[in-house]
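For reference, the structure discussed in these notes is given below.
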Amino acid sequence: MIELRDVPIPALDADQVLVRIEAVGVCGSDTHFYHEGHIGDLVVEGPIILGHESAGVIVAVGSAVSAARIGERVSIEPQRPCRRCEHCKTGDYNLCVAMEFYGAYPIDGVFSEYAVIQDDFAFAVPDSLSADEAALIEPVSVAVHACRRAGVTASSRVFITGAGPIGLLTAQVALAFGASEVVVSDPVENRRRFAQTLGDIATVDPVETDFGSLELHFDAYIDASGNGRAIRQAIPTLRRGGRIVLVGMGNDDLELPVSVIQNRELELTGTYRYANTWPTAIELVARGAVRVAPLVTGHVGLDQVEAGLLMNRSDPDAIKTVVVPGRPGAAALPRGER
Ligand SMILES: NC(=O)c1ccc[n+]([C@@H]2O[C@H](COP(=O)([O-])OP(=O)(O)OC[C@H]3O[C@@H](n4cnc5c(N)ncnc54)[C@H](O)[C@@H]3O)[C@@H](O)[C@H]2O)c1
Ligand SMILES: [Zn+2]
Ligand SMILES: [Zn+2]
């Protein structure tokens with residue numbers, strides 16, 4: 000059940016900023032949390048504000064933050080690492096043992112008018128970026144992290160399964176990293192056609208394609224579908240020594256072609272969100288190397304978050320819905336108390 004409630008604006012710690020939220024992308028994981036109540040072992044056990052792909056304007060700063068930042072347009076990296084554990088200290092802070100991630104129970108997210116974030120996770124964006132684009136730096140970051148983990152570089156040949164927002168952004172980031180060939184597989188024709196409009200991206204239909212013809216072809220394979228069959232089919236398309244990166248979630252037990260992984264010494268890893276990606280992601284979007292605006296297929300107000308959460312299940316053409324908290328209409332709705 001979703002309710003619109005008035006809640007107090009969170010108090011600012013010394014190192015935090017208060018952001019008036021202008022746009023929040025709806026992510027598949029928000030839909031999973033709402034629909035299924037969990038993603039893998041992340042379980043929702045009580046009331047929570049979902050949402051983690053956000054951008055807005057700094058309206059107040061904590062005592063340790065320069066007041067010059069008030070008025071700055073920012074994209075929010077929605078996580079709060081402890082900064083003290085060994086992973087934080089070595090820079091892999093996405094692996095922090097005490098991470099607080101926005102919109103993952105019990106940490107409230109950003110389907111709200113205001114949010115606080117530590118000041119170094121509020122990244123200034125150029126005026127050329129719209130609020131939608133600034134919010135979608137978050138899924139671009141997922142793609143940047145995936146391409147880094149996959150070792151995508153100049154003249155890499157990259158295979159991606161899944162042409163949802165994550166696959167579409169990963170394909171573009173791979174090209175921006177210098178990939179010479181990017182092929183995306185998706186059973187949905189609309190999604191394949193859409194992928195082709197975003198750049199020099201080839202597509203295949205996993206149902207029709209003879210995967211034997213792609214055997215030993217790619218340097219890197221990134222799954223953005225979470226589909227076990229897709230992964231099983233795609234692995235033999237890798238050359239010897241290639242890399243497999245599993246980004247897609249939801250399929251905990253997989254059958255893998257173990258002898259192929261052994262004989263070719265394939266490296267297999269997963270990704271857990273991102274670390275140190277915002278500056279790169281902002282730069283890629285700002286110079287047009289990664290286009291996020293075409294992915295936005297709808298806007299809703301805070302009072303329509305439920306429809307927004309279900310949009311990507313109810314509308315086959317929906318790719319990314321953006322919640323605009325300040326959208327007129329939302330304030331007119333009855334509000335409860337938290
Ligand atoms: N690892 C992380 O940190 C991280 C972060 C964000 C999202 N994710 C995960 O990434 C995945 C993609 O996210 P999204 O928002 O793009 O999801 P999405 O559901 O919009 O896209 C998945 C796509 O995979 C396609 N697909 C289904 N079966 C397929 C097959 N056999 N072969 C090829 N494609 C197939 C679907 O048609 C769909 O277009 C999700 O599982 C999501 O949970 C992981
Ligand atoms: Zn997300
Ligand atoms: Zn830590």
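219 is the number that numbering that gives the first Met the number 0 gives to position 220 of the sequence shown; each next residue is one higher, with no gaps. Glycine included, every Cβ here is placed at the ideal spot set by N, Cα and C.
Short check: CB of residue i to CB of residue j, under 8 Å?
| i | j | result |
| --- | --- | --- |
| Val151 | Ala280 | no |
| Val25 | Gly307 | yes |
| Val18 | Ala114 | yes |
| Val60 | Arg72 | no |
| Asn311 | Thr30 | yes |
| Ile200 | Val183 | yes |
| Asp185 | Ala162 | yes |
| Val157 | Val291 | no |
| His216 | Arg231 | no |
| Ala229 | Thr276 | no |
| Glu264 | Gly297 | no |
| Ser155 | Asp252 | no |
| Val259 | Pro235 | yes |
| Glu254 | Gly227 | yes |
| Glu137 | Val284 | no |
| Ala274 | Gly90 | yes |
| Glu99 | Ile20 | no |
| Asp204 | Arg191 | yes |
Nearest by alpha-carbon distance to residue i: which of the options is it?
| i | options | result |
| --- | --- | --- |
| Val299 | Met310, Val322 and Val257 | Val322 |
| Ser53 | Ala130, Phe100, Leu11 and Arg83 | Ala130 |
| Pro293 | Tyr101, Thr320, Ala233 and Arg286 | Thr320 |
| Val16 | Gly287, Ala63 and Leu283 | Ala63 |
| Arg4 | Cys95, Val304, Asp314 and Cys81 | Val304 |
| Glu207 | Glu188, Thr196 and Gly198 | Glu188 |
| Val289 | His34, Gly177 and Arg326 | Gly177 |
| Pro315 | Ser65, Phe100 and Phe193 | Phe193 |
| Ala317 | Asp302, Val295 and Asn93 | Val295 |
| Arg272 | Glu132, Asp302, Tyr92 and Thr202 | Tyr92 |
| Arg147 | Leu11, Leu174, Leu128 and Ser127 | Leu174 |
| Ile8 | Ser127, Tyr33, Val58 and Ala22 | Val58 |
| Ile1 | Ser313, His86 and Asp302 | Asp302 |
| Leu40 | Thr89, Ala103 and Asp12 | The residue asked about is misnamed: residue 40 is Asp in this sequence, not Leu. Per the Cα distances, Ala103. |
| Ser65 | Leu135, Gln117, Ala10 and Asp126 | Gln117 |
| Gly70 | Thr196, Glu180 and Val56 | Val56 |
| Gly198 | Val181, Tyr33, Glu112 and Leu213 | Val181 |
| Pro324 | Val141, Ala153, Ala134 and Thr196 | Ala134 |
| Glu282 | Arg83, Asp126 and Leu309 | Asp126 |
| Leu309 | Asp14, Thr196 and Phe32 | Phe32 |
| Ala22 | Leu213, Leu128 and Cys81 | Leu128 |
| Ser179 | Ala13, Thr196, Ala153 and Gln195 | Ala153 |
| Ala97 | Lys88, Glu85 and Cys81 | Cys81 |
| Val141 | Asp12, His37, Gly27 and Gly287 | Gly27 |
| Ala145 | Arg83, Ser313 and Arg242 | Arg242 |
Hey, is residue i's beta-carbon within less than 8 Å of any beta-carbon in chain B?
| i | result |
| --- | --- |
| Ala142 | Going by chain labels, chain B is absent from the structure shown, which holds only one protein chain. |
For ligand 4, is there a heavy atom less than 7 Å away from the beta-carbon of residue i?
| i | result |
| --- | --- |
| Met0 | Among the ligands in the structure shown, ligand 4 does not appear; only ligand 1, ligand 2 and ligand 3 can be found there. |
- request: Evaluate the contact criterion for the region 44-56 versus the region 95-111: three or more CB pairs, one atom per stretch, below 8 Å.
  value: yes
query: Taking three-plus beta-carbon pairs below 8 Å as touching, is the region 68-76 in contact with the region 117-131?
result: yes
task: For the region 216-223 and the region 233-251, state whether three or more C-beta atom pairs, one from each stretch, are separated by less than 8 Å.
output: yes
Any residue whose CB is nearer than 5 Å to a heavy atom belonging to ligand 3, listed in chain order: Pro80, Cys81, Cys84, Cys87 and Cys95
message: My parser needs the beta strand (DSSP E) runs of 3 or more residues fully inside the region 4-76; what are they?
response: 15-24, 52-60 and 72-75
message: Under 8 Å, with one C-beta from each stretch per pair, do the region 158-175 and the region 263-270 reach the 3-pair mark?
response: No, the region 158-175 is not in contact with the region 263-270.
field: Every unbroken beta strand (DSSP E) within the region 237-325, with a cutoff of 3 residues, ordered by chain
entry: 237-245, 266-269, 295-299 and 319-322
- request: Please go through the region 180-236 and give each complete beta strand (DSSP E) segment of 3 or more residues, from N-terminal end onward.
  value: Qualifying beta strand (DSSP E) stretches, in chain order: 180-184, 201-203 and 217-222.
Segments assigned beta strand (DSSP E), at least 3 residues, entirely inside the region 73-140: 113-117 and 121-123
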